[in-house]
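**Q**
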Amino acid sequence: MKLQTRIRVTTLVTITSVAIAVGGVALFASHQSEVTKIDAILNNAAVEIENHQKDPLSQALLVGQESSVALTIAYIAVTGEVTVLSESRATVTRTPTKPQLLEATKGAITIRTNEDIRLRAAALPDDEYVIVALSLHDVRDNTLRNIRILALFVLLSALLGSLLMSWIIKRDIDAIEELISDATAISEGEQEVHIRPRSGNSEVVQLAKALEIMVEALKSAVTLERETQGRMKNFLGDASHELRTPLTVIKGYSELLAAGPSGQVDDNARYFERISTEVARMEELIGDLLLLAELGETSQNTSEVVAVSDIVHMHANDLATLQPERPIEIAITAGLEVSGSTTLVNQLVANIFSNLHRHTQAIAKVRVQVQQDVAGIVITIDDGGTGLPMSAYTNGVGHFQRFDRSRARESGGSGLGMSIMSAIVRQHQGQFHIEQSDLGGLRTVITLPSVLG
Numbered sequence: 002m003k004l005q006t007r008i009r010v011t012t013l014v015t016i017t018s019v020a021i022a023v024g025g026v027a028l029f030a031s032h033q034s035e036v037t038k039i040d041a042i043l044n045n046a047a048v049e050i051e052n053h054q055k056d057p058l059s060q061a062l063l064v065g066q067e068s069s070v071a072l073t074i075a076y077i078a079v080t081g082e083v084t085v086l087s088e089s090r091a092t093v094t095r096t097p098t099k100p101q102l103l104e105a106t107k108g109a110i111t112i113r114t115n116e117d118i119r120l121r122a123a124a125l126p127d128d129e130y131v132i133v134a135l136s137l138h139d140v141r142d143n144t145l146r147n148i149r150i151l152a153l154f155v156l157l158s159a160l161l162g163s164l165l166m167s168w169i170i171k172r173d174i175d176a177i178e179e180l181i182s183d184a185t186a187i188s189e190g191e192q193e194v195h196i197r198p199r200s201g202n203s204e205v206v207q208l209a210k211a212l213e214i215m216v217e218a219l220k221s222a223v224t225l226e227r228e229t230q231g232r233m234k235n236f237l238g239d240a241s242h243e244l245r246t247p248l249t250v251i252k253g254y255s256e257l258l259a260a261g262p263s264g265q266v267d268d269n270a271r272y273f274e275r276i277s278t279e280v281a282r283m284e285e286l287i288g289d290l291l292l293l294a295e296l297g298e299t300s301q302n303t304s305e306v307v308a309v310s311d312i313v314h315m316h317a318n319d320l321a322t323l324q325p326e327r328p329i330e331i332a333i334t335a336g337l338e339v340s341g342s343t344t345l346v347n348q349l350v351a352n353i354f355s356n357l358h359r360h361t362q363a364i365a366k367v368r369v370q371v372q373q374d375v376a377g378i379v380i381t382i383d384d385g386g387t388g389l390p391m392s393a394y395t396n397g398v399g400h401f402q403r404f405d406r407s408r409a410r411e412s413g414g415s416g417l418g419m420s421i422m423s424a425i426v427r428q429h430q431g432q433f434h435i436e437q438s439d440l441g442g443l444r445t446v447i448t449l450p451s452v453l454g
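Set out below in structure tokens:
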């Protein structure tokens, strides 16, 4: 059963039950009020008759004449014979039983003759009685008329209540049906679903807002999945190309060697040297790919104190030793530490300085800064080299991204260096950022959470 139908049925049942309960109480009260008025008339008449024991029958006739309503008055002899002194609509067709007469002397009772009558008895000497009676016909007619009015009232109340409830909930029901339609479209794979914004704070509005958030989250997830698939496709294409190149070289030189002695020792030595070089490049590429896979699939399990200041200072000194003509500006705050893997952090810093050594001019200035701020420990390394294309700063770090535009595969490296550095920083819950340096080259900014928080 639909929600709208259940609400309507519930409304009808509730309104009908309440109306019947209230109307029933009102009907009962009205009926009792009319019966009480009749009882008051009968009691007054019986009391007046009982107070005139010397001539009760004459007093009974006098009471009948003076009453505002037509009373039936009858005398019951000791033999049980009934003599009607004054008759109205309340006809006494049979003699009341002895217990009924005794009860009627205490208060009015209802007995059925040809119709329901209300009867009161006045006891006389010698076990005789005078009874006073009134018909309940008018009371019954009034009650039936009130019942019909109540039924009509209940019917109209239920109808109006149902219409009013339908009007009140129509907006919410329409909204729910629209949300059902949107949710069905989403479940069927529709991506361009727009949840209509609504105002208010009702449960339906909250449901619409929650569904809107879910839709946006699904859209983001789908977009992210597409981007990931695109990056993975490019990555696999680049990886296969990077691996195919040295394999082609190795295959070519192997075929030359397999063809037999060429008679030139120098040529054979050069062939073996090229094969060894390409094998080394393949080993480096495969090692970097495995490291990237490991960094992407595992979380940081090592939790040791890593002396970042000492590691950066060590590699800066190594660069100064290897290239003494290079101007290096060092500003490292001593004693800064992070929690993580010493091996990975050392490899991170080593990759940066290796890139500086291999891909910038030996006289290009380098500035090394390590300091702590509210974000954590910040490592900033600037160089005065040729830098990267502007698209690299805009698009960020990608797989097989060459550090230098002029750099070829033969100059070394797998093109995964920055991806590895970014993955190491990400595994340490840090941030990795590259931008153009004021020295003219590349600025690498790495932020790592401090041990001190």
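Take any residue in the sequence shown, note its place counting from 1, add 1, and you have its number in our numbering.
Positions of the beta carbon are idealized from the N, C-alpha and C atoms, including for glycine.
Just so we're clear, the structure is a prediction, and the values are computed from it rather than from any experiment.
Between Val133 and Ala46, is the Cβ-Cβ spacing less than 7 angstroms?
**A** Indexing the sequence shown from 1 puts residue 133 at position 132. Indexing the sequence shown from 1 puts residue 46 at position 45. Yes, Cβ-Cβ distance for Val133 and Ala46 is below 7 angstroms.
**Q** Is Tyr130 near Leu86, with beta carbons less than 7 angstroms apart?
**A** As a position in the sequence shown, residue 130 is number 129, starting the count at 1. As a position in the sequence shown, residue 86 is number 85, starting the count at 1. Their beta carbons are not under 7 angstroms apart, which means Tyr130 does not touch Leu86 by this criterion.
**Q** Tyr272 and Leu248: beta carbons closer than 7 angstroms?
**A** Here residue 272 is taken as the residue at index 271 of the sequence shown, counted from 1. Here residue 248 is taken as the residue at index 247 of the sequence shown, counted from 1. Going by C-beta atoms, Tyr272 is not nearer than 7 angstroms to Leu248.
**Q** In whole angstroms, give me the CA-to-CA distance for Glu35 and Phe29.
**A** For this step, residue 35 is matched to residue 34 along the sequence shown. For this step, residue 29 is matched to residue 28 along the sequence shown. Each residue's alpha carbon lies about 10 angstroms from the other.
**Q** Please classify Thr224: does DSSP put it in a helix, a strand, or coil?
**A** By one-based count along the sequence shown, residue 224 stands at place 223. Helix.
**Q** Which whole-angstrom value is the C-beta distance of Lys366 and Pro328, which I expect to be below 8 angstroms?
**A** Against the sequence shown, residue 366 aligns to sequence position 365. Against the sequence shown, residue 328 aligns to sequence position 327. Confirmed, Cβ separation roughly 5 angstroms.
**Q** To which residues of the same chain is Ala335 closer than 7 angstroms at the C-beta, ignoring the five residues directly before and after it?
**A** Mapped onto the sequence shown, residue 335 falls at position 334. Closer than 7 angstroms at Cβ, skipping near neighbours: Ser310.
**Q** If you reduce the DSSP assignment to three classes, tell me which class Asp128 lands in.
**A** The residue labelled residue 128 in the question sits at position 127 within the sequence shown. In this structure, Asp128 counts as helix in the three-state DSSP scheme.
**Q** Note down, in chain order, each residue of its chain lying with its Cβ closer than 8 angstroms to the Cβ of Ile435, except the 5 sequence neighbours on either side.
**A** For the purposes of this step, residue 435 is identified with residue 434 of the sequence shown, where counting begins at 1. Excluding residues within five positions, the ones whose Cβ falls inside 8 angstroms are Leu389, Ala393, Tyr394, Gly397, Val398, Met419, Leu443, Arg444, Thr445, Val446.
**Q** Can you give, in chain order, each stretch of the beta strand (DSSP E) that sits fully within the segment 43-123 and has at least 3 residues?
**A** You should have 73-77, 83-87, 110-113.
**Q** Drop a sphere of 10 angstroms on the beta-carbon of Gly431, count the other beta-carbons inside from all chains shown, and report buried for 16 or more, exposed for fewer.
**A** Within the sequence shown, numbered from 1, the residue matching residue 431 stands at position 430. That one is buried.
**Q** When burial is assigned at 16 or more other CB atoms within 10 Å of the CB, is Ile150 buried or exposed?
**A** As a working note, residue 150 is residue 149 in the sequence shown. So Ile150 counts as exposed.
**Q** For Ile378 versus Val339, is the C-beta distance shorter than 7 angstroms?
**A** Within the sequence shown, residue 378 is the residue found at index 377, counting from 1. Within the sequence shown, residue 339 is the residue found at index 338, counting from 1. Result yes, Cβ atoms of Ile378 and Val339 sit closer than 7 angstroms.
**Q** Apply the 10 Å Cβ neighbour rule to Asp142 and answer buried if 16 or more other Cβ atoms are within range, or exposed otherwise.
**A** As a working note, residue 142 is residue 141 in the sequence shown. Exposed, because fewer than 16 other Cβ atoms sit within 10 Å of the Cβ of Asp142.
**Q** Distance check for Ser355 and Val306, CA to CA, integer angstroms please.
**A** Taking the sequence shown and counting its residues from 1, the one referred to as residue 306 is at position 305. Taking the sequence shown and counting its residues from 1, the one referred to as residue 355 is at position 354. Cα to Cα, Val306 sits roughly 24 angstroms from Ser355.
**Q** With C-beta atoms as the reference, is Asn455 less than 7 angstroms away from Met422?
**A** Nothing can be reported for residue 455: it is not among the residues displayed for the chain, which extend from 2 to 454.
**Q** Quick check on Asp183: does DSSP put it in helix, strand or coil?
**A** Position 182 of the sequence shown, counted from the first residue, corresponds to residue 183. Helix.
**Q** Once DSSP output is grouped into helix, strand and coil, what is the label at Ile196?
**A** By 1-based counting over the sequence shown, the position of residue 196 is 195. Ile196 falls in the coil class under three-state DSSP.
**Q** With contact counted as at least three CB pairs below 8 angstroms, one residue from each stretch, are the segment 111-126 and the segment 74-93 in contact?
**A** Yes, the segment 111-126 is in contact with the segment 74-93.
**Q** Where does His138 land, buried or exposed, given buried means 16+ other C-beta within 10 angstroms?
**A** As a first step, residue 138 must be located in the sequence shown, where it is residue number 137. Looking at its Cβ environment, which holds fewer than 16 other Cβ atoms inside 10 Å, His138 is exposed.
**Q** Please report the residue range of the beta strand (DSSP E) in which Ser438 lies.
**A** One-based indexing of the sequence shown puts residue 438 at position 437. Segment: none, Ser438 is in no beta strand (DSSP E) and carries neither H nor E.
**Q** Going by other Cβ atoms of all chains shown within 10 Å of its Cβ, with 16 needed for buried, is Val375 buried or exposed?
**A** Position 374 of the sequence shown holds residue 375. So Val375 counts as exposed.
**Q** Start and end of the alpha helix (DSSP H) containing Arg427?
**A** Working through the sequence shown from its first residue, we reach residue 427 at position 426. Residues 418-428.
**Q** Does the distance from the C-beta atom of Gln316 to that of Val350 stay below 7 angstroms?
**A** As a working note, residue 316 is residue 315 in the sequence shown. As a working note, residue 350 is residue 349 in the sequence shown. According to the sequence shown, residue 316 is His rather than Gln. Yes. Within cutoff.
**Q** Are the Cβ atoms of Gln370 and Thr381 separated by less than 7 angstroms?
**A** Looking up residue 370 in the sequence shown gives position 369. Looking up residue 381 in the sequence shown gives position 380. Cβ distance < 7 angstroms, so Gln370 and Thr381 count as in contact.
**Q** According to DSSP, which residues form a beta bridge with Glu470?
**A** Lying outside 2 to 454, the shown extent of the chain, residue 470 is not represented and no answer is given.
**Q** Please identify the residue among Ser31, Glu274, Ala270 whose C-alpha is closest to the C-alpha of Leu145.
**A** If you number the sequence shown from 1, residue 145 lands on position 144. The candidate whose alpha carbon is nearest that of Leu145 is Ser31.
**Q** CA-CA distance, Val223 and Met166?
**A** Taking the sequence shown and counting its residues from 1, the one referred to as residue 223 is at position 222. Taking the sequence shown and counting its residues from 1, the one referred to as residue 166 is at position 165. When rounded, the distance between both Cα atoms is 41 angstroms.
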